[in-house]
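>
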Amino acid sequence: MRGYPTILVAGIGYSQLIEGLRRDGYHVLEAAEWDDVLRTITLHSRPIHLLVGDESMENRAPLLQKHRPWLLFFFASSPVDVGASLARIKQLVVPPP
94 MRGYPTILVA GIGYSQLIEG LRRDGYHVLE AAEWDDVLRT ITLHSRPIHL
144 LVGDESMENR APLLQKHRPW LLFFFASSPV DVGASLARIK QLVVPPP
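The numbering used here numbers the first residue of the sequence shown as 94 and each following residue consecutively.
1) Taking 8 Å as the cut-off, does the stretch 104 to 114 touch the stretch 173 to 181 (at least 3 CB pairs, one atom from each stretch)?
2) Looking only at DSSP bridge pairs, what is T99 linked to?
3) State the Cα-Cα distance for the pair H142 and T99, rounded to the nearest angstrom.
4) Please list the terminal residues of the continuous beta strand (DSSP E) segment that includes A169.
5) I think F167 touches R181, with their Cβ atoms under 8 Å apart; what is that distance to the nearest whole Å?
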């Protein structure tokens with residue numbers, strides 16, 4: 094993967110995780126509600142490499158993959174362990190140099 098990977102963070106309560114992702118060079122999109130997630134997935138013009146959301150979104154992953162078959166997912170439990178989440182995300186989507 095070249096360039097700056099794009100991560101869509103779905104839901105609220107992820108401000109520290111978003112800060113960490115941006116600090117590590119990821120391009121971060123934010124969607125507070127399901128309608129925003131679906132709109133972003135269907136309308137965003139560039140690739141979205143990973144969706145970060147809470148575990149309750151897991152059952153909606155197949156619907157999102159109809160629009161973006163290559164989309165990866167990371168479902169976080171609450172409360173979010175920022176350090177562990179960042180480490181796992183870096184395994185899934187390598188940060189830019």
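Using N, Cα and C, we set each Cβ at its ideal position, and we do this for glycine too.
Working from what's here:
1) yes
2) H120
3) 5 Å
4) L165 to A169
5) 6 Å
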